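One line per chain: the protein sequences are A and B, in this order. Numbering-wise, the first sequence is residues 398 to 487 according to my numbering. Numbering-wise, the second sequence is residues 61 to 214 according to my numbering. C-beta atoms are modelled at their ideal positions from N, C-alpha and C, and glycine is treated no differently. Owing to the predicted nature of the structure, the values given are computational and were not obtained by experimental measurement. Worksheet: the structure to be examined is printed underneath.
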Amino acid sequence: MSILAQIAADQLPAADQKSIAAAGQAGLAYGLATLGPGIGIGYLVGQSVQAMARQPEAAGMVRTTMFLGIAFTEALALIGFVVFILLKFV
Amino acid sequence: MGEVTDFELAAIGATAPESVIAKDMVKKAAIVGPILILVFGLIWGLDGALSTAYGLALVVANFVLAAAMLSYAGRISPGFLMGAALFGYLIRLTLIFLAIWLVKEASWVELVPMGLTIIGTHLGLLMWEMKYVSLSLAYPALKPTAASKESSSK
């Protein structure tokens, strides 16, 4: 299969090969940009659930902080996404 | 006695805090939005204004959807809340990606103001909201009462 892919790639003009490589790299960069926030949100929500279990009377305050924390962490992924879009299409 | 705010109700668990925050952010976006659309419209023209409005709508929809998912899951169980937070993150990122992907070739789309709006309003609204939430949760006694407002106006 990889030999066939190599032959197909050899048939493509250099400009197409370059744009395919650029698209792959941009996709990889966006994937990496979402990985960190994913780990961050998992950790954040895990700790929040633990805090709510330990102190149920503070659940409202914990959830308020958790929601803002999720949104802040998500901003990192959004920045990665916007940079990806701008590099790819502008 | 001062009037009890939505944030104080949310802090004691009487209402879902996520929806209170999202509602407040929508109000703040309605204040900031027209100014941003005007400024970017002056720089990038009508296309820039439309793209800014689209970016702003995406950010607001993202907050509202996140709040709806989390408050629904929070009513069921903490485990479900965790699942909703993680899968919600994936779902919302995919939706934002699709929303931009579908319009990227449209004639009215200017990607630079749209991107700036998405990042700027997301972070800006969060900062603004965080300051307000922190103050109202940490120092509820500092909230101006009707009596203090009356005396200060005299």
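Along the segment 427-440 of chain A, the positions whose C-beta sits under 9 Å from a C-beta of chain B are Tyr427, Thr431, Pro434, Gly435, Ile438, Gly439, read in chain order.
Interface annotation, Ile467 (chain A): in contact with chain B, CB-CB separation under 9 Å. DSSP places Ala420 (chain A) within a helical segment (H, G or I) once states are collapsed to three. Per DSSP, the continuous alpha helix (DSSP H) segment holding Leu465 (chain A) begins and ends at 456-486.
Judged by DSSP secondary structure, Val120 (chain B) falls within the alpha helix (DSSP H) whose first and last residues are 77-136.
By the beta-carbon neighbour count (other beta carbons within 10 angstroms, threshold 16), Val80 (chain B) is buried. Burial check for Glu78 (chain B): the Cβ neighbour count within 10 Å reaches 16 or more, so the residue is buried.
Counting the other CB atoms within 10 Å of its CB gives Ala430 (chain A) a total of 16 or more, which places it among the buried residues. For Val169 (chain B), the three-state secondary structure derived from DSSP is coil. Annotated three-state conformation of Pro410 (chain A) is coil, per DSSP. Within chain A, the residues placing a beta-carbon under 7 Å from that of Ile160 (chain B) are Ile482, ordered along the chain.
Contact between Phe469 (chain A) and Ile156 (chain B) does not hold, since their C-beta atoms are separated by about 16 Å, which reaches or exceeds 8 Å. Three or more Cβ pairs closer than 8 Å define a contact, and the segment 96-114 of chain B meets that threshold against the segment 160-175 of chain B.
When Cβ-Cβ separations below 9 Å define contact, Ala420 (chain A) makes no contact with chain B.
CA-CA distance, Gln444 (chain A) to Lys83 (chain B), rounds to 25 Å.
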